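As C-alpha cells, the structure follows; a few thoughts come after it.
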Amino acid sequence: MTGKIEMSRPIVEMDGDEMTRVLWSSVKENLLLPYVNLKTEYYDLHVSNRDKTEDRVTFDAANAVKRLGVGVKCATITPNAERVKEYNLKKEWPSPNGTIRKILDGTVFRAPIMVSSVQPAVRYWKKPIIVARHAFGDIYDGVAIRFNEPGSAEISYKGRSGKDEKVKYPELKGPGVLLGIYNIDKSIEGFADASFKYAIMKKTDLWFAAKDTISKVYDADFKEIFRRVYETKYKEEFAKLGINYYYYLIDDAISRVIRSEGGFLWACKNYDGDVFSDMVSTAFGSLALMTSELFSPEGYYLSEAAHGTVQRHYYRYLKGEKVSTNPTALIFAWTRGLMRRGEIDGLNDLVDFSKKLENAVLNTIEKDKVMTQDIAKLSEPPVSKYVTSDEFIATVKKNLEKSLAA
Ligand code: NAP
Ligand code: MG
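Going by the working numbering, the first residue of the sequence shown is number 40, and it counts up by one from there.
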C-alpha cells in the first residue's frame, strides 16, 4: 500500500469509559491511524467529562452526528449511586445512549458476528437472528413517582388545541411506585419503516412482537402501525422477494425464536430489544461478537459495541494484570462507521479497507485460532490457550497488513 487512505469528511468519535476506553485507543492507534488519514470530530464522553460539562458533551456529540451524518461510539458508564461515589460525580447523569437515541431517534440493529469455531448455544440456530431495537421512548423516557401512603393518581393529557383527557390509575392502596411512559406515532412509523427496509435489504422475514392483548392501547398502537406500514408500503416487495412479515405476541415469539433455525429480523420495542439482544448475542457466542448500528429516519448513523465498559476487567487492568477483553465489537464499531462514511462520500478505498479489517478479525479467530478468553472457552474444537487483548490486536494487525499488501 502506498500512502494513507484519505477521508473527505470527518465522522463523530465518542470516547468512553474503563476497559473499552483503553481498547478504543489501542484499536485506533494500531489498526486505523497507520493506514487511514483518520478525520474525526472527537467528543470525550468519559463520565468525569460528562460531569464536568453538566452532560453538555453528550448533547453536543449527538448533535454533531446530525451535522456530519456518521458517528462511532465507545461504551460508556451509566452512573448509579456507586458510580457517583467512585467518580465523585455531581449526580447520576442519565444514560448517554438514552440521550443520544432520544436526539437522533431511530432503530438499533444488532447482528451476531458469526465465526465458524463458535457454535450457537441454541443448537437449532443455523443463521443469524438480527434484533431491531426501537431506540425511542417507553421506559427510557418515562416519568415516575415513589409514594409513601395510600392515595390516587391519574394520567392527564392536554392537547395544544386545549383538548384534554384523563384516566385514573386503580386505587393506590399503600406505599409504592408509579410510572408514566409514552411514544410517538411518527417514531413508531420510523421504527417500522426501518425494520421493513432492513428486512428487504437482507432478504429475510420480519417478526414483530408485543403484548397487545394486555396493553390494549399502547402495544396495540405499535401493532396497528406495523400492519399499516406493511400493507401500504412493503407488502408487494415482500411478496416479490418471497419473504414474510409476522406479528406475534411477545411470549409466543420467545418460544418461536428458540425453536427456529434463525435467519430473520426480529423487531423489538425498546426494552424488549435491550434485553433480548443481550440474550441473542450471548447465545450466539459473546456480547463482543455483535454489531450494533443505529439508523435514524433522517439518515443519521451511529455504530457502537453492544456491550458495556467491562468494569471487572478494567479493575484488573488497573492493578497491572494483562487482560483478555475481546475488542471485536469495538473494531466493528469503527469499521461500520468508516464503511458508512465511505459509502456516503464515495470513497471506495475506505470501504475496502474497512472490509479488510473485518476479515482480518475473522481470520484471527477462525484461521489462526487466536482468541480472547470469552470465545476461547466456547471454541470447537477447543483451544488450549487464550491471548491477551494486546496479542489479539497484534494478530489482527498482522492479518490486515497481509491483506493490504496482497
Ligand atoms: P459489561 O461491561 O457488558 O460486562 C459484563 C461482563 O460480560 C464482563 O464482566 C465480561 O464477563 C463480559 N464481557 C462484556 N464485554 C466483553 C468483552 N468485550 N470481552 C470479554 N468479555 C466481555 O456489563 P456491566 O459490567 O454490567 O457494565 C459495566 C458498565 O458498562 C456499567 O457502568 C454500565 O452502565 C455500562 N454499560 C454501557 C453500555 C454502552 O455504553 N453501550 C452498555 C451496557 C452497559 P467476565 O467478567 O465473566 O469475563
Ligand atoms: Mg442492554
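Glycine included, C-beta positions come from ideal geometry on N, C-alpha and C.
Model, not experiment: these values are computed from the prediction.
Contact test: residue i Cβ vs ligand 1 heavy atom, cutoff 8 Å
i     : result
Lys67 : no
Buried or exposed (CB count within 10 angstroms, at least 16 for buried), residue i
i      : result
Lys308 : buried
Lys112 : buried
Gly176 : buried
Asn222 : buried
Gly376 : buried
Gly385 : exposed
Phe186 : exposed
Ile194 : exposed
Val409 : buried
Pro159 : buried
Glu397 : buried
Pro189 : exposed
Ile227 : buried
Asp311 : buried
Arg466 : In the structure as shown, the chain begins at 40 and stops at 445. Residue 466 is therefore absent and cannot be evaluated.
Asn127 : exposed
Ser64  : exposed
Glu45  : exposed
Ser363 : buried
Pro366 : buried
Ala183 : exposed
Val319 : buried
Cβ of residue i within 9 Å of any chain C Cβ
i      : result
Glu131 : Given the protein chain composition of this structure (a single chain), no chain C is represented.
Candidates the options, of which the one nearest residue i by Cα
i      : options                           : result
Phe303 : Leu107, Phe247 and Thr427         : Phe247
Val66  : Met410, Asn402, Ile383 and Ala368 : Ala368
Tyr82  : Tyr74, Ala114 and Lys395          : Ala114
His352 : Gln412, Ile370 and Gly108         : Gln412
Val170 : Ile264, Leu128 and Phe315         : Phe315
Tyr284 : Ile253, Thr243, Asp251 and Asp311 : Thr243
Leu217 : Tyr257, Thr252 and Ser191         : Ser191
Thr321 : Trp305, Val161, Leu401 and Ile404 : Val161
Glu80  : Arg106, Asp313, Ile383 and Leu70  : Arg106
Ala399 : Gly381, Asp224 and Ala444         : Ala444
Leu341 : Pro209, Ala372 and Glu440         : Ala372
Lys124 : Lys395, Val157, Asp90 and Phe148  : Asp90
Val109 : Gly338, Tyr179, Thr271 and Tyr287 : Gly338
Ile404 : Pro209, Ala433 and Gly381         : Ala433
Ser442 : Val422, Lys395 and Asp429         : Lys395
Trp305 : Thr427, Lys130, Leu245 and Tyr74  : Leu245
Lys166 : Val296, Tyr269, Glu275 and Phe277 : Val296
Asn527 : Leu211, Gly381, Tyr269 and Ser428 : No information on residue 527 is available, as it lies outside the stretch 40 to 445 that the chain covers here.
Ser423 : Ser254, Arg266, Val435 and Asp407 : Asp407
Asp94  : Asn69, Ser134 and Thr271          : Ser134
Asn136 : Thr271, Ile383, Tyr286 and Ala344 : Ala344
Gly181 : Ile220, Ser156, Tyr286 and Pro214 : Ile220
Asp317 : Ala278, Arg172 and Lys130         : Arg172
Ile178 : Gly229, Lys197 and Asp313         : Asp313
Lys241 : Glu300, Ile168 and Arg298         : Ile168
Phe230 : Arg199, Ser200 and Tyr269         : Tyr269
Arg355 : Ser428, Asn387 and Tyr287         : Ser428
Asn88  : Leu71, Trp132 and Asn69           : Trp132
Glu360 : Ile370, Ile253, Val426 and Tyr257 : Val426
Under 5 Å, CB to nearest heavy atom of ligand 1: contacting residues:
Ala114, Thr115, Ile116, Thr117, Leu326, Ala327, His346, Gly347, Thr348, Val349, Gln350, Arg351, Thr364, Asn365 and Asp413
Within 8 Å, do at least three Cβ pairs link the region 416 to 428 to the region 40 to 55?
no
Counting Cβ pairs closer than 8 Å, one from the region 202 to 217 and one from the region 288 to 295, do we hit at least three?
Fewer than three pairs of CB atoms, one per stretch, sit closer than 8 Å, so the region 202 to 217 makes no contact with the region 288 to 295.
Does the region 390 to 410 come close enough to the region 342 to 349 that 3 or more CB-CB pairs lie under 8 Å?
no
Is it a yes or a no for the region 219 to 238 touching the region 324 to 338, going by three-plus beta-carbon pairs under 8 Å?
yes
Using 8 Å as the Cβ pair cut-off and three pairs as the minimum, do the region 146 to 153 and the region 323 to 331 touch?
yes
Inter-stretch contact (C-beta, 8 Å, three-pair minimum) for the region 95 to 103 and the region 133 to 148
yes
Below 8 Å, how does it come out for the region 118 to 130 and the region 59 to 74: are there three or more Cβ pairs, yes or no?
The region 118 to 130 and the region 59 to 74 do not touch, with fewer than 3 CB-CB distances between them shorter than 8 Å.
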